[in-house]
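Number of protein chains: 2
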Amino acid sequence: MAEALTAEQVLVAAEDVLRRYGPAKATVVDVARELGVSHGSVYRHFPSKAALRDAVSEHWLARLSDPLEKVVASTAPAPQRIRTWVQQLSAAKRRMALEDPQLFATYHEIASGSRDVVRAHEATLADQLSRIIADGMSRGELASDLTAEQAGQAVFHAVIWFCHPAHAGEWGGPGVEQALDRVCTVVLDGLRPR
Amino acid sequence: MAEALTAEQVLVAAEDVLRRYGPAKATVVDVARELGVSHGSVYRHFPSKAALRDAVSEHWLARLSDPLEKVVASTAPAPQRIRTWVQQLSAAKRRMALEDPQLFATYHEIASGSRDVVRAHEATLADQLSRIIADGMSRGELASDLTAEQAGQAVFHAVIWFCHPAHAGEWGGPGVEQALDRVCTVVLDGLRPR
Numbered sequence: 001m002a003e004a005l006t007a008e009q010v011l012v013a014a015e016d017v018l019r020r021y022g023p024a025k026a027t028v029v030d031v032a033r034e035l036g037v038s039h040g041s042v043y044r045h046f047p048s049k050a051a052l053r054d055a056v057s058e059h060w061l062a063r064l065s066d067p068l069e070k071v072v073a074s075t076a077p078a079p080q081r082i083r084t085w086v087q088q089l090s091a092a093k094r095r096m097a098l099e100d101p102q103l104f105a106t107y108h109e110i111a112s113g114s115r116d117v118v119r120a121h122e123a124t125l126a127d128q129l130s131r132i133i134a135d136g137m138s139r140g141e142l143a144s145d146l147t148a149e150q151a152g153q154a155v156f157h158a159v160i161w162f163c164h165p166a167h168a169g170e171w172g173g174p175g176v177e178q179a180l181d182r183v184c185t186v187v188l189d190g191l192r193p194r
Numbered sequence: 001m002a003e004a005l006t007a008e009q010v011l012v013a014a015e016d017v018l019r020r021y022g023p024a025k026a027t028v029v030d031v032a033r034e035l036g037v038s039h040g041s042v043y044r045h046f047p048s049k050a051a052l053r054d055a056v057s058e059h060w061l062a063r064l065s066d067p068l069e070k071v072v073a074s075t076a077p078a079p080q081r082i083r084t085w086v087q088q089l090s091a092a093k094r095r096m097a098l099e100d101p102q103l104f105a106t107y108h109e110i111a112s113g114s115r116d117v118v119r120a121h122e123a124t125l126a127d128q129l130s131r132i133i134a135d136g137m138s139r140g141e142l143a144s145d146l147t148a149e150q151a152g153q154a155v156f157h158a159v160i161w162f163c164h165p166a167h168a169g170e171w172g173g174p175g176v177e178q179a180l181d182r183v184c185t186v187v188l189d190g191l192r193p194r
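In the order they appear, the protein sequences are chains A and B. Okay, so the first sequence: first residue is 1 according to UniProt numbering, each after it adds one. Okay, so the second sequence: first residue is 1 according to UniProt numbering, each after it adds one.
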């Protein structure tokens, strides 16, 4: 197996080990044992525990941002796409956080150690919003004194409470969806052409 | 001194002890020692460590929300009052977090243990925004399909990234003030009468 070992296989095994042992205890040796290979084979793909952790974070975060590309690329009116994008991201996070709080906390802890990966993820998300807004502006569906890039960043900031794991403990209360809906209403009213 | 001991004196001593030892290590006995009284005298005011912690949290959070009442009560146009309110709260939090990160983290940790106190504080802040918005609506300076109460809650959610201690680690970067300014622009455009 060692010869055919792919980075993807290492990633899957690493996620499995991290879930079971938690990020503090999991080691590269555990991942190698899980795969039945030497730890040297794992290091060939990921030269350090930090590199492996970054790859796991990236993999996890891409599972959240990749499906949103479909929303960005859809032909629906831009205001509706923004609302769908925000609802979808927030719902995915809440589902994970409420269904398996421990796994969610584990991923949050792993990602917290990969600041550059998280920053890149956040930039990707804000950029998705900016692209919807740029498209909406060019179609006359949206308008602002801000540029599309600035407006995308602003909308991303405005919905952070509904998406950022730091607030997961507050998502269990009633009315979260309505609260998000109201933020969307104010924000989308703020981007309406006059 | 024990006879004249006020709740306020206990609070001041408790804050001092918490700063020095941290919330995990500080005990009611430490507070009593600081005051030169028996721990029974402290318990007369605060029947448990949790009650003392809640009081310290409340005292700290009131120091943040009390000065904002002036902004709410000012005669400036409502959109300007909202912007000032948001800037003032965010600036106060950032100043504390950047000037004395350890003390800020200590307060955050204390407050995290006092969830009801934090919830009441957040309700107070959202209510301040709602009152500005209600006033602005009655003066024809603001409008929305939402009620003033819903809109206040929405604006509060929209600026959480700039005020919530969970994001303090990200406030050191460049452009935080501009980013807040842009969120205010979108939100205030969303509350403009049409």
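Built from N, CA and C at the ideal position, the CB exists for glycine as well.
Consider the Cβ of residue i: report whether some Cβ of chain A lies at a distance smaller than 9 Å.
{"i": "A2(B)", "result": "For A2(B), the predicted structure reports a pLDDT of 45, less than 50, and the residue's modelled location is therefore unreliable. The matter cannot be settled from this model."}
{"i": "G190(B)", "result": "yes"}
{"i": "Q153(B)", "result": "yes"}
{"i": "A105(B)", "result": "no"}
{"i": "Q150(B)", "result": "yes"}
{"i": "H121(B)", "result": "no"}
{"i": "R33(B)", "result": "no"}
{"i": "R194(B)", "result": "yes"}
Quick one: residues in its chain with C-beta nearer than 6 Å to the C-beta of residue i, no 5 flanking neighbours on either side, listed in chain order?
{"i": "C163(B)", "result": "L89, S90, K93"}
{"i": "G136(A)", "result": "A78, L142"}
{"i": "I132(A)", "result": "V72, A78, R81, I82"}
{"i": "H121(B)", "result": "L61"}
{"i": "A111(A)", "result": "S57, V118"}
{"i": "T84(B)", "result": "V71"}
{"i": "V42(A)", "result": "V10, V28, V31, A32"}
{"i": "W161(B)", "result": "H167"}
{"i": "D109(A)", "result": "Correcting the residue type first, residue 109(A) is Glu in the shown sequence and not Asp. Excluding sequence neighbours, E109(A) sits near P23."}
Tell me, please, whether the CB atom of residue i is closer than 9 Å to any CB atom in chain D?
{"i": "I160(B)", "result": "The structure shown contains no chain D; its protein chains are A and B."}
Leaving out five residues on either side along the sequence, give the residues of the same chain with a beta carbon under 7 Å from the beta carbon of residue i.
{"i": "T186(B)", "result": "Residue identity differs from the one stated: residue 186(B) is Val in this sequence, not Thr. None."}
{"i": "H45(B)", "result": "A7, V10"}
{"i": "E34(B)", "result": "A13, D16, V17"}
{"i": "R19(B)", "result": "L103, T106"}
{"i": "A55(B)", "result": "L11, F46"}
{"i": "F156(B)", "result": "L125, A126, L129"}
{"i": "M96(A)", "result": "F104"}
{"i": "Y21(B)", "result": "D30"}
{"i": "P174(B)", "result": "none"}
Pick out whichever of the options has its Cα sitting closest to the Cα of residue i.
{"i": "R139(B)", "options": "L68(B), Q9(B), R53(B), T75(B)", "result": "T75(B)"}
{"i": "G36(A)", "options": "G113(A), Q9(A), D66(A), Y21(A)", "result": "Q9(A)"}
{"i": "L5(A)", "options": "L18(A), Q87(A), H39(A)", "result": "H39(A)"}
{"i": "V17(B)", "options": "G190(B), R182(B), L103(B)", "result": "L103(B)"}
{"i": "D100(B)", "options": "Q87(B), A55(B), L125(B), G172(B)", "result": "G172(B)"}
{"i": "S65(B)", "options": "D54(B), L125(B), A55(B)", "result": "L125(B)"}
{"i": "I68(B)", "options": "D30(B), V183(B), D127(B), H157(B)", "result": "The sequence as given places Leu at residue 68(B); Ile does not occur at that position. Answer by Cα proximity: D127(B)."}
{"i": "R182(B)", "options": "R95(A), D145(A), A32(A)", "result": "D145(A)"}
{"i": "residue 195(A)", "options": "C184(B), P174(B), A134(B)", "result": "Look at the range of chain A in this structure, 1 to 194, and you will see that residue 195(A) is not part of it."}
{"i": "H59(A)", "options": "S114(A), P193(A), L98(A), P174(A)", "result": "S114(A)"}
{"i": "R53(A)", "options": "R194(A), D116(A), A134(A), A123(A)", "result": "D116(A)"}
Can you name the residues of chain A whose CB is closer than 8 Å to the CB of residue i?
{"i": "S144(B)", "result": "T185, V186, D189"}
{"i": "A166(B)", "result": "H164, A166, H167"}
Quick one: list the residues of chain B neighbouring residue i, beta-carbon separation under 9 Å, in chain order.
{"i": "H45(A)", "result": "Those do not exist, as H45(A) stays about 30 Å from chain B at its closest Cβ, beyond 9 Å."}
In chain A, which residues lie with their C-beta within 7 Å of the C-beta of residue i?
{"i": "H157(B)", "result": "W161, A179, V183"}
Would you verify that the beta carbon of residue i is, or is not, closer than 9 Å to some beta carbon of chain B?
{"i": "H39(A)", "result": "no"}
{"i": "L11(A)", "result": "no"}
Using a Cβ-Cβ cutoff of less than 8 Å, which residues in the same chain neighbour residue i once the five nearest sequence positions on both sides are dropped?
{"i": "L188(A)", "result": "P79, I82, R83"}
{"i": "G190(B)", "result": "S144"}
{"i": "P193(B)", "result": "G140, E141, L142, A143"}
Stretch-stretch touch, CB-based, cutoff 8 Å, three pairs: the stretch 145–161 of chain B with the stretch 159–178 of chain A: Yes: at least three Cβ pairs fall under 8 Å.
Stretch-stretch touch, CB-based, cutoff 8 Å, three pairs: the stretch 158–173 of chain B with the stretch 11–24 of chain B: In short, these stretches do not touch, since the Cβ pair count stays below three.
contact_flag[the stretch 46–58 of chain B, the stretch 18–31 of chain B] where n(CB pairs < 8 Å) is 3 or more: Touching, yes, given that three or more Cβ pairs across the two stretches are closer than 8 Å.
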